Amino acid sequence: MGAQPRGERAARIRRSPHFADGAFRNPDGPSRTAPPRRELARAYLDGEQRRRRRPRGTVPVHATTVADLARPAPTGLRMTWLGHSSVLAEIDGRRVLFDPVWGERCSPVPFAGPRRMHPVPLPLAALGPVDVVVVSHDHYDHLDMPTIKALAGTDTLFAVPLGVGAHLEHWGVPAGRLRELDWHEDTQVGPLTLTATPARHFCGRGLRNPQHTLWASWVVTGERHRIYHSGDTGYFEGFRDIGAAHGPFDATMIQIGAYSEFWPDIHMTPEEGLRAHLDLQGGRPHGVLLPIHWGTFDLAPHPWAEPGEWTKDAAEEAGQAAAFPRPGEPFEPEGKLPAEPWWRAVSSPIARPWRRPGRTEAVSATRGGGLGLAGER
252 MGAQPRGERA ARIRRSPHFA DGAFRNPDGP SRTAPPRREL ARAYLDGEQR RRRRPRGTVP
312 VHATTVADLA RPAPTGLRMT WLGHSSVLAE IDGRRVLFDP VWGERCSPVP FAGPRRMHPV
372 PLPLAALGPV DVVVVSHDHY DHLDMPTIKA LAGTDTLFAV PLGVGAHLEH WGVPAGRLRE
432 LDWHEDTQVG PLTLTATPAR HFCGRGLRNP QHTLWASWVV TGERHRIYHS GDTGYFEGFR
492 DIGAAHGPFD ATMIQIGAYS EFWPDIHMTP EEGLRAHLDL QGGRPHGVLL PIHWGTFDLA
552 PHPWAEPGEW TKDAAEEAGQ AAAFPRPGEP FEPEGKLPAE PWWRAVSSPI ARPWRRPGRT
612 EAVSATRGGG LGLAGER
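Mapping of the sequence shown onto my numbering: residues 252 to 628, in sequence order.
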């Protein structure tokens, strides 16, 4: 489960302007709203919903090779979505690995908890050298102990939110390779500037969850490019401030999965994720949106394919470029974007309640009661 911050680290936490009454606070309200347990249990135990939360067949993972990642990106920016929120970003000659999770389950125990719905696209060692690992917060689907222990044996640096360094030191990461930041603080990794920026979420790896570690989104600015990783977050007005201070971005990695009406304040729907991207870009379509935090683990009641399908619809309607790579498929935001809706071949039927009446691709409510295979036109 990691370790609690102590000593100077705990003192630094208490000095943070975002820490009050013994806990970190969100930018615009309480940490989270507890979901109603009975209704939540009913949603999770419903047999038909459970079937829709998983793919019907094998998820098409891209056969990434060492050679794919060894060649320099001609444009200077290449992204490889590795599933869930794990992304390798090669930016201006440096390699940044966000929220690496190579474990089979995102859980404190190996025999229970959400299990992968597709394999990791390639072994961790096949990534090659990584300049810096960036962690958004300490939940199990973003901070994976076995993965961190494996990376602790390399020369990589680690950039983490305030307090999260206690976990990493406990797992063998030397203090000298840690960059532990509060919101609005930054650090240099070669020519890159990494800035921890606000997010609306919560933290914790144990039963009590005392909120003593911070959660963050991240801005990475290079000599030519700048990118943004949302971590986990609910939608909040702070995206506009982040965009004004650090944007616009060549690419954003935005959480668009694991949303629910039971926790609307800590995760975004695809519509909210698109709005966040546009806020970060000054209110207009710009750069490339890479959807993350979906397709790998079953963490919410929505159908497995819904985040991808909804994001694709929302981006097309807004005129916003979006990338939909298979897990492990590298792409360059300034090049040809992966746009094929690969999930449709293995998706169970899903409803499309987000589609507005009058759109030519809207599914008629009279055809199958408003249900159809994902992507049916």
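By construction, the Cβ of each residue, glycine as well, lies at the ideal position given by its N, Cα and C atoms. Every value quoted in this text rests on a predicted model; they were computed, and no experiment measured them.
For residue i, which residues in the same chain have their Cβ closer than 6 Å to its Cβ, ignoring the five residues on either side in sequence?
i    : result
G457 : M252
V317 : A377
H497 : V470
N277 : R451
T446 : D437, V470
E480 : As written in the sequence, residue 480 is His, which differs from the Glu given in the question. F349, W469, M504.
T464 : D389, G414, V415, C454
D549 : R304, P365
Taking 8 Å as the limit between beta carbons, can you name the residues of its chain near residue i, skipping five residues before and five after?
i    : result
E420 : A254, A426, L429
A616 : Bear in mind that the predicted position of A616 carries a pLDDT of just 30, short of 50, making it too unreliable to give a figure here.
D343 : G327, L328, P442, L443, G473, E474, R475, H476
E355 : P361, R366, R367
D501 : L328, H476, R477, I478, G538, V539, P584, E585
CA-CA distance, residue i and residue j?
i    : j    : result
D629 : Q462 : Here the chain comprises residues numbered 252 to 628, so residue 629 is not present and cannot be evaluated.
V383 : I543 : 19 Å
Y510 : P442 : 36 Å
L402 : P604 : 42 Å
L378 : S336 : 16 Å
R631 : V312 : Past the boundaries of the shown model lies residue 631; the chain is included only from 252 to 628, so the question cannot be answered.
P325 : V338 : 19 Å
P536 : A569 : 7 Å
D319 : S598 : 28 Å
G334 : G579 : 7 Å
W593 : L541 : 15 Å
H435 : P600 : 43 Å
L432 : P515 : 27 Å
L529 : A556 : 23 Å
G364 : P351 : 18 Å
F490 : M330 : 22 Å
V602 : K400 : Rather than Val, the amino acid found at residue 602 in this sequence is Ala. Between A602 and K400, the C-alpha separation is close to 41 Å.
Near residue i, which residues of its chain fall below 7 Å by C-beta distance, leaving aside the five closest residues on each side in sequence?
i    : result
L588 : V539, A572, A574, F582
E523 : Y486
R610 : Below a pLDDT of 50, predicted positions are generally treated as unreliable, and R610, at 48, falls in that range; the measurement from the model is reported next regardless. Counting only Cβ-Cβ distances below 7 Å, and skipping sequence neighbours, we find nothing.
A590 : F575
M519 : T484, G485, Y486, Q506, I507, Y510, A527
D406 : none
With a threshold of 16 other CB atoms inside 10 Å of the CB of residue i, please say whether the residue is buried or exposed.
i    : result
R257 : exposed
D395 : buried
F349 : buried
A340 : buried
E560 : buried
P268 : exposed
P380 : exposed
A410 : buried
E512 : exposed
G404 : exposed
G308 : exposed
Q423 : In the sequence under discussion, the amino acid at residue 423 is Gly, which differs from the Gln named in the question. Its Cβ having fewer than 16 others within 10 Å, G423 is exposed.
R260 : buried
Whole-angstrom Cβ separation of residue i and residue j, contact assumed at under 8 Å?
i    : j    : result
P576 : W353 : The pair is not a contact, with the Cβ atoms about 18 Å apart (cut-off 8 Å).
V385 : V347 : 6 Å
I517 : D483 : 7 Å
V440 : R345 : 7 Å
F275 : C454 : 7 Å
P558 : R303 : So it is not a contact: roughly 13 Å between Cβ atoms.
Less than 8 Å between the C-beta atoms of residue i and residue j, yes or no?
i    : j    : result
A566 : L525 : yes
S358 : A467 : no
P499 : G533 : yes
L373 : T398 : no
R595 : D564 : no
H393 : T547 : no
R265 : L413 : no
T448 : I493 : yes
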